[in-house]
Structures are given as structure tokens and as C-alpha cells.
Amino acid sequence: MATETRTHALKAKEYKSDIAPVWCPGCGHFAVLSALTKALAYLELPKERVALVSGIGCSSRLPAYLDTYGFHGLHGRALAVATGLKAARPELTVVVAGGDGDGFSIGGNHFLHACRRNMDLTYIVMDNEVYGMTKGQASPTTAPEWSRSKLTPHGPGVRRFRPAAIALAAGASFIARGFAGDPSGLTRLIVQAIEHRGFSFLQVLSPCQTFRPEQTEWKQQVHPFDGEPAANDLEAAARIHADDGMALGLIYVEPLPVWQPLAQPSASLAEIEQELSL
Amino acid sequence: MRRVLLTGNAAAAWGARLARVDYVPAFPITPQTEIIEALARWIDAGEMAARLVTLESEHSMITAAGAAAATGVRVFSATSSQGLLYGMEMLYTVAGWRVPWVLVNVSRGLSAPITLEPDHNDVLAARDSGFLQIHCAGCQEVLDSVLLAYRLAEDARVRLPVIVNLDGFYLSFTREPVSIPEPAEVDALLPPFDPQGLAFRAGAPLSQAVAVLGGGPYSYFRYQVQLAAQNALAVYDEIAADFAERFGRSHPAVEAYQCDDAEVVLVMMGSFATKARAAVDRLRDAGRPVGLLRPRLLRPFPAAACRRHLLGKRALAVIDQNLSPGQGGVLATELAAALYGRPGAPLLASFIGGLGGRDIPPEELFEIARVTEAAAERGETPPPRLLYTEAELRELRKLQTIAAVERDRRGPAP
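As you go down the protein sequences, you meet chains A and B in turn.
Just so we're aligned, residue 10 is where the first sequence starts under our numbering, counting upward by one.
Just so we're aligned, residue 22 is where the second sequence starts under our numbering, counting upward by one.
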């Protein structure tokens with residue numbers, strides 16, 4: 010991190026707003042909020058240099074619970090809002106928060122191109138494999154046989170979206186997976202994601218107690234990734250291929266060219282005129 | 022026929038079920054989700070022979086609906102608010118495909134600021150798309166309108182998709198007694214979909230939705246939509262008459278209440294018009310000659326029917342649950358266009374209210390009648406007025422004061 014942004018250190022809780030989250034008791038998103046504030050405190054980021062951007066959904070409520078800049082966008086549009094913000098204000102640390110519904114279905118197109126564009130953004134997807142806010146429908150990460158939704162009583166029957174594999178194929182330069190039930194590991198990953206220069210994609214397994222109560226078993230199912238994070242896309246592909254979806258940690262990180270539009274024109278008007286004159 | 026308590030959402034689902042729809046592309050959005058969930062339950066239980074497919078957004082949902090309808094099957098879907106607008110380019114497109122199908126919209130105010138509660142800006146954004154629009158005021162009307170909408174959409178003289186609109190929360194989640202017609206009765210009203218030219222036939226491949234170059238063919242095809250939509254006025258009257266004969270329930274293009282001898286007429290669409298109806302009763306009790314006109318069709322706009330009821334009145338109070346910034350209420354504009362230059366055109370006072378689910382209490386409707394009567398007395402059209410009370414403004418000012426204290430505490434931006 011640029012040292013000039015460091016001022017007096019704040020405690021994690023000082024990054025929280027005084028609005029009480031409306032999430033259900035036991036929701037994994039509480040742990041994400043908490044880990045995020047710890048990461049911001051660890052990085053000593055001044056509140057006014059941090060912007061939280063979200064779309065629509067339970068997890069997209071998050072910006073209201075932080076005392077930083079916040080922008081509650083529209084369903085699926087969080088990354089588009091963040092892209093515009095970062096282009097205009099590159100000095101801000103822009104963190105995008107949302108869910109699997111917002112990010113992978115209605116906003117799926119933005120996800121692909123945000124990975125590819127590799128702007129210096131951190132994208133935290135709180136994945137609970139369900140549309141929670143509309144009361145329990147299958148999302149793109151829901152297993153095809155999950156049959157507890159009123160809308161798809163025999164399961165969605167469609168193969169799951171594989172966020173890490175798609176992020177890699179789309180060109181992301183940082184891919185990681187955390188778990189709401191592992192707050193310290195999650196905090197470390199958020200710190201790494203923010204510190205990474207480029208588009209950091211962090212999938213967080215964040216259980217939904219209301220519509221996916223069986224996700225309490227995730228605690229027994231998660232395990233660390235084997236070995237060191239991949240440093241190139243070939244190794245990353247091998248790691249992701251072997252992944253069962255429950256492995257935690259940094260999957261892949263590689264310094265790739267960061268796209269950031271310049272604030273200044275690349276040539277003066279005189280130079281352009283000269284180039285165009287016959 | 023049986024009579025049960027149904028929400029507006031359940032009534033919409035019953036309409037689709039009784040219409041024996043073949044295909045339902047679905048994507049959840051509050052306050053509509055109950056409709057597609059009810060259909061999923063019936064399909065799962067074998068009570069409906071239809072396919073329901075979940076899509077990844079309303080944009081693909083509306084596209085899939087149009088494409089399925091283009092193969093000659095009966096299609097239903099439902100959405101609301103942001104979802105309708107997210108699919109906006111496809112509304113124009115599928116209307117241009119001339120594929121008849123029915124889309125229920127559960128009205129909800131548009132972002133920003135984002136809200137869940139109703140007004141009509143969402144459905145009015147689709148006004149010029151080529152979809153026809155039926156606006157409902159009660160749960161029975163929702164069920165009946167879905168059936169009417171299929172008959173209208175599929176008529177050989179029309180062949181356009183139809184939106185049936187109901188207000189979020191006020192209708193979507195409110196239970197009212199609803200008569201569910203017997204399937205055989207509905208089958209007699211609504212025969213199986215005759216796809217006419219719309220079909221995928223082996224041996225007769227057909228390219229659909231081709232591009233045109235130049236304004237000539239483009240104007241021709243767009244104007245065909247206009248002619249079809251205009252045809253829909255007479256076709257609707259026919260269908261509504263047939264429906265009334267079969268079921269004893271009347272759903273005219275324009276519903277007039279106490280209008281015949283009225284001097285001042287309130288004009289409203291949707292469920293809030295039921296509040297105006299109650300207000301008219303109270304005003305009549307007080308000896309005031311006030312009536313209510315509720316257009317059920319918004320597209321095609323039943324201008325002639327409106328004129329029939331309104332020419333010769335002293336004044337109208339048009340209460341719009343929508344706002345076209347820089348102009349005002351959309352319904353006021355529509356009515357002004359219908360009445361302009363006609364002998365006996367009444368004075369038109371415009372009121373904007375009920376935005377984002379804000380209530381319009383009886384006192385405000387009495388005040389609207391009073392203001393309009395006074396304006397008629399003076400012969401002076403009052404400026405458009407937002408229904409907003411001092412108490413509401415005080416509450417908002419309190420919040421702004423709190424926000425200002427918080428802002429000042431933080432000091433100026435770095």
C-alpha cells in the first residue's frame with residue numbers, strides 16, 4: 010500500500026457505521042463485515058480513502074454498515090459502478106461487495122469483463138448458493154439437485170457456475186476463496202486482495218441460515234488448499250481443476266498489467282493537430 | 022366456479038393456469054415472486070401442463086418468452102419495476118416480432134432512490150414499446166384481465182403482447198375474495214392458441230426477426246404495430262362484452278363511476294382508484310356532484326371512451342401515480358391530448374401522488390375535489406401539484422438535520 014495514505018490507525022470497529030445489520034441471526038455476512046473492518050484497520054486505510062460498492066441482495070446491504078464511502082447500486086451493476094468510480098478516482102481503495110445472485114447471474118457479464126480489464130478493484134462475493142432476498146431461489150452456484158426452492162422443487166438441474174475457473178479464464182490476476190467460519194483466514198485474504206494491484210476476486214463461502222440451513226455443515230467440509238498459490242495461469246488451472254469448491258486460501262496471484270485510464274490526455278491538442286494535418 | 026381468498030399475485034397465477042399456458046420463463050423479483058412460485062408448485066404437482074424455466078435475468082426472461090411465443094406456444098411471465106426496465110429493449114423487440122403473450126407487471130417504484138413500494142413509472146416506461154397495457158384495481162380483475170389479455174393478444178386483428186398491471190403490496194399481497202372460473206368456462210372464452218403464421222414446421226423453415234435497411238420498411242413495420250394497437254380498442258370491447266356475458270363481470274376499457282351527472286370527475290388508474298371510489302361516495306353523501314373515471318386500458322388509449330364520459334363536465338382532477346420529470350403526470354398528458362380542441366372539454370387539474378407507495382388518504386381526495394371545483398369556478402387551471410403534507414416534510418427535514426449534523430461532525434471532504 011502507498012505509505013502516504015497511512016495516518017493515525019483506527020480500530021476495526023471504528024470502520025463500522027451505527028446502523029445495525031438487518032441480516033438474519035447466524036448469517037455468514039456478519040463475519041465478512043467484521044473481517045473487512047479488521048482488514049481495513051490492519052491496512053490503516055483512512056475511511057475517506059475507502060469506497061464500498063454493492064449491487065442488490067442481502068450481502069449488498071454491506072456498504073450501509075461501514076463508515077466509509079458507500080454506494081448501493083442496482084441489481085447486478087456493482088462492478089460497473091465500481092469501474093466508473095475507480096476510473097475517476099484512482100486514489101480510492103475500491104471494494105465491491107455482493108452475492109452470488111447479483112454477481113454471477115444478472116451481473117455475470119460485468120464479472121467477466123472486470124476480470125479481463127484488471128482494474129485495481131477488490132471484489133468480495135459472499136456466496137451462499139441461494140437468492141436470499143427474494144426468499145430462497147437457486148442461484149448460479151446452487152447444486153443442480155438442491156430441491157428446497159419453491160421455484161425449482163426438483164432442483165435447478167443446471168450445472169453450477171464455477172467462479173474461480175471463470176475468473177481465471179476471464180483473466181483475473183488474483184483469485185482466492187475464504188470462509189465466513191474462518192474469520193482470521195478471511196481477514197488475511199481480504200488484506201491480500203486489497204494489497205494486490207489489479208482485479209482481486211475473493212469468493213467467500215458465507216452460509217445462509219434461513220434458506221440453506223444445511224450449510225452449517227460447511228464448517229466440517231472446508232479444508233485448506235494444498236501447496237503454494239499458483240503464480241501463473243497454467244498452474245492455477247491445475248489447482249482449480251483439482252478443487253472441490255470447499256478448499257480455502259489464495260488460489261492464484263500474478264502481477265498482470267493493471268488497466269487505469271489516464272487523467273491526462275496522451276497527446277496535446279497541438280500534437281494531434283499536427284498528426285492530422287495533410 | 023368457487024370463491025376463495027386470493028392475493029393479487031395468486032390471482033395472476035390463476036389467470037395463467039386457467040389460460041393453460043405452455044411455457045413460463047421466470048426470474049424472481051419482489052413483489053412478484055409469489056406468482057412464479059405458485060406456477061412452479063402447480064407444474065410440479067401435475068396440475069398444470071407447462072414448462073417453467075428459470076433464467077439469469079429479466080432481460081433473458083423476456084427474450085425467451087418472445088422466442089417461445091414465436092414458435093406458436095402460449096407464454097406467460099411476470100416481473101416488476103427494475104426487472105421490467107432491465108428487459109426494456111426486449112419489450113420493444115418482442116412487440117415488433119408481433120408475438121402474442123402476456124406479461125404481468127407488479128408495479129413498484131423505480132430507483133433511485135431504490136424502493137419496494139408501488140407507483141406506475143415502471144409500467145409507464147413500457148408505454149411506447151408496442152405492448153398493450155391493462156391496469157387492474159382489484160384481485161378479481163387481475164385474474165379476469167389475464168384471460169382477457171390472452172384473447173386480446175392472440176386476436177388475428179391484434180397479434181401483440183399485453184402487459185397486465187397490478188400494484189405491488191396494495192394488490193400483490195392483499196387477499197380479496199376471488200371467483201375462480203371453471204376450466205371449461207375459460208376454455209370456451211379462450212380457445213387454444215391459434216399460432217397462425219407463428220410456427221416451426223419441418224419442411225417449411227422460416228427466418229424471423231430479420232433486419233431492415235432504410236426508413237421505408239422500418240416505418241412500415243412500426244406503423245403496423247400502431248394499426249394493430251388501434252384495432253385492439255374495438256377488439257377489446259368485443260372481448261369484454263363476451264366476458265361479461267359469460268361470467269357476469271364487466272371490465273370495460275374505461276370504468277366510469279357516478280360520472281353521468283358529475284360536474285367534477287377524478288381520473289385515476291390502478292388500485293388507488295378504489296380509494297377515490299370511496300371518496301366519491303362520501304362526497305356524494307355531502308351533495309357534491311363528483312364522479313370517478315378509471316381507464317383500464319392505457320395502450321391502446323381509449324380516448325373516444327374518455328371523451329364520451331368527460332366532454333361537458335366542468336373539471337377533471339387527474340391523479341397520477343407517476344412522474345415524468347419536466348412534464349408532470351403521464352395520465353394528465355394523455356387525457357389532455359384526448360380532449361384538446363374538443364367542444365365541451367373540461368378544465369384539467371393535475372395532481373401527482375402515491376409515488377413509491379405513499380398513501381393518498383380520503384382527506385386529500387376531498388381536498389383535490391375542492392381545489393378542482395374552485396378552479397372550475399374561477400375558470401383557471403391550477404398548476405400541477407404534488408400530494409405531500411407538511412407533516413411529511415417536517416419528518417424529512419428532521420432526517421436532513423440529522424444528516425447535516427453528521428456531515429459537519431466529519432468536517433469538509435479531504
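Glycine included, C-beta positions come from ideal geometry on N, C-alpha and C.
Tell me the rounded alpha-carbon separation between residue i and residue j.
{"i": "B/Leu352", "j": "A/Leu259", "result": "57 angstroms"}
{"i": "A/Met10", "j": "A/Arg206", "result": "The predicted model places A/Met10 with a pLDDT of 45, which falls under 50 and marks its position as unreliable; any figure quoted below should be read in that light. Their backbone Cα atoms lie some 9 angstroms apart in a straight line."}
{"i": "B/Ala424", "j": "B/Met109", "result": "36 angstroms"}
{"i": "A/Ser158", "j": "B/Pro49", "result": "12 angstroms"}
{"i": "A/Pro165", "j": "A/Leu257", "result": "26 angstroms"}
{"i": "A/Tyr24", "j": "A/Pro192", "result": "17 angstroms"}
{"i": "A/Thr150", "j": "B/Asp65", "result": "23 angstroms"}
{"i": "A/Met128", "j": "A/Ala97", "result": "12 angstroms"}
{"i": "B/Pro204", "j": "B/Asp188", "result": "26 angstroms"}
{"i": "A/Val167", "j": "B/Leu73", "result": "13 angstroms"}
{"i": "A/Ala300", "j": "B/Val45", "result": "One cannot answer for residue 300 of chain A here, as it falls past the ends of chain A, which runs 10 to 287."}
{"i": "B/Leu192", "j": "B/Trp122", "result": "22 angstroms"}
{"i": "A/Leu285", "j": "A/Ser277", "result": "13 angstroms"}
{"i": "A/Gln224", "j": "B/Asn30", "result": "31 angstroms"}
{"i": "A/Val267", "j": "A/Glu57", "result": "23 angstroms"}
{"i": "B/Arg23", "j": "A/Pro222", "result": "39 angstroms"}
{"i": "B/Ala436", "j": "B/Glu259", "result": "Beyond the ends of chain B as shown, which are 22 and 435, falls residue 436 of chain B; an answer cannot be given."}
{"i": "A/Ala50", "j": "A/Glu100", "result": "18 angstroms"}
Which bits of chain B does residue i rub up against, with CB to CB less than 8 angstroms?
{"i": "A/Thr161", "result": "Ala61, Thr75"}
{"i": "A/Ala147", "result": "Thr75"}
{"i": "A/Tyr140", "result": "Pro49"}
Compare the Cα-Cα distances from residue i to each of the options and report the closest residue.
{"i": "A/Tyr261", "options": "A/Gln218, A/Cys217, A/Ile175", "result": "A/Ile175"}
{"i": "A/Ala202", "options": "A/Gly66, A/Arg125, A/Ile184", "result": "A/Ile184"}
{"i": "A/Asn118", "options": "B/Ser132, B/Glu77, B/Trp118", "result": "B/Glu77"}
{"i": "A/Phe39", "options": "A/Pro55, A/Leu75, A/Arg126, A/Leu52", "result": "A/Leu75"}
{"i": "A/Gly254", "options": "A/Pro270, A/Asp235, A/Arg157, A/Ala272", "result": "A/Asp235"}
{"i": "B/Leu471", "options": "B/Arg320, B/Asp306, B/Glu411, B/Gly377", "result": "This structure does not reach residue 471 of chain B, given that chain B is present from 22 up to 435, and the question cannot be answered."}
{"i": "B/Ala325", "options": "B/Tyr361, B/Arg222, B/Glu416", "result": "B/Tyr361"}
{"i": "B/Gly365", "options": "B/Leu344, B/Ala336, B/Gly375", "result": "B/Ala336"}
{"i": "B/His80", "options": "B/Leu106, B/Asp65, B/Gly224", "result": "B/Leu106"}
{"i": "B/Arg363", "options": "B/Asn343, B/Lys334, B/Leu124, B/Gln342", "result": "B/Lys334"}
{"i": "B/Arg178", "options": "B/Pro139, B/Leu254, B/Gln103, B/Leu124", "result": "B/Leu254"}
{"i": "B/Arg328", "options": "B/Asp281, B/Ala299, B/Arg298", "result": "B/Asp281"}
{"i": "B/Ile389", "options": "B/Glu401, B/Asp380, B/Arg406, B/Arg379", "result": "B/Arg406"}
{"i": "B/Ser271", "options": "B/Val163, B/Gln103, B/Ser102", "result": "B/Val163"}
{"i": "B/Ser345", "options": "B/Leu131, B/Ala61, B/Gly67, B/Ser98", "result": "B/Leu131"}
Closer than 7 angstroms by beta-carbon distance: list the chain A residues that pair up with residue i, in chain order.
{"i": "B/Gln103", "result": "Leu83, His84"}
{"i": "B/Glu58", "result": "Lys159, Leu160"}
{"i": "B/Thr54", "result": "Thr143, Lys144"}
{"i": "B/Ser132", "result": "Leu83"}
Residues bridged to residue i by DSSP?
{"i": "B/Phe372", "result": "B/Ile340, B/Arg406"}
{"i": "B/Asn126", "result": "B/Thr100, B/Asn186"}
{"i": "B/Gln229", "result": "Per DSSP, none; premise fails for B/Gln229."}
{"i": "A/Gln146", "result": "A/Tyr140"}
{"i": "A/Lys25", "result": "A/Leu75"}
{"i": "A/Gly258", "result": "A/Arg186"}
{"i": "A/Met135", "result": "A/Gly108, A/Val213"}
{"i": "A/Gly66", "result": "In DSSP, A/Gly66 forms no bridge with anything."}
{"i": "B/His141", "result": "Paired residues: none, contrary to the question."}
{"i": "B/Gln154", "result": "B/Ile184, B/Arg320"}
{"i": "B/Tyr278", "result": "B/Leu313"}
{"i": "A/His81", "result": "A/Ser63"}
If I'm right that residue i touches residue j with Cβ under 8 angstroms, what's the distance once you round it to whole angstroms?
{"i": "B/Val199", "j": "B/Leu168", "result": "No, B/Val199 and B/Leu168 are not in contact; Cβ-Cβ is about 13 angstroms, not under 8 angstroms."}
{"i": "B/Leu313", "j": "B/Tyr257", "result": "Actually they do not touch by this definition, with Cβ atoms about 20 angstroms apart."}
{"i": "A/Gly64", "j": "A/Gly37", "result": "Not a contact, Cβ separation roughly 18 angstroms."}
{"i": "B/Leu304", "j": "B/Cys160", "result": "Wrong, their Cβ atoms sit about 26 angstroms apart, outside the cutoff."}
{"i": "B/Thr100", "j": "B/Asn126", "result": "6 angstroms"}
{"i": "A/Ser156", "j": "A/Glu263", "result": "The Cβ separation is near 40 angstroms, so there is no contact."}
{"i": "B/Tyr113", "j": "B/Ser150", "result": "5 angstroms"}
{"i": "B/Gly291", "j": "B/Asn142", "result": "The pair is not a contact, with the Cβ atoms about 12 angstroms apart (cut-off 8 angstroms)."}
{"i": "B/Leu234", "j": "B/Gly93", "result": "About 28 angstroms separates the two Cβ atoms, so there is no contact after all."}
Going along chain A, which residues have a C-beta under 9 angstroms from residue i?
{"i": "B/Ile50", "result": "His84, Thr143"}
Under 8 angstroms Cβ-Cβ, which residues of chain A neighbour residue i?
{"i": "B/Asp65", "result": "Pro162, His163"}
{"i": "B/Ser78", "result": "Gly85, Ser114, Ile115"}
Strictly below 7 angstroms CB to CB, what residues from chain C border residue i?
{"i": "B/Ser193", "result": "Of the protein chains in the structure, A and B, none is chain C."}
With hydrogens ignored, establish whether the beta-carbon of residue i is closer than 7 angstroms to any heavy atom of the ligand ADP.
{"i": "B/Cys327", "result": "With respect to the ligand ADP, the structure shown offers nothing to examine, as it has no ligands at all."}
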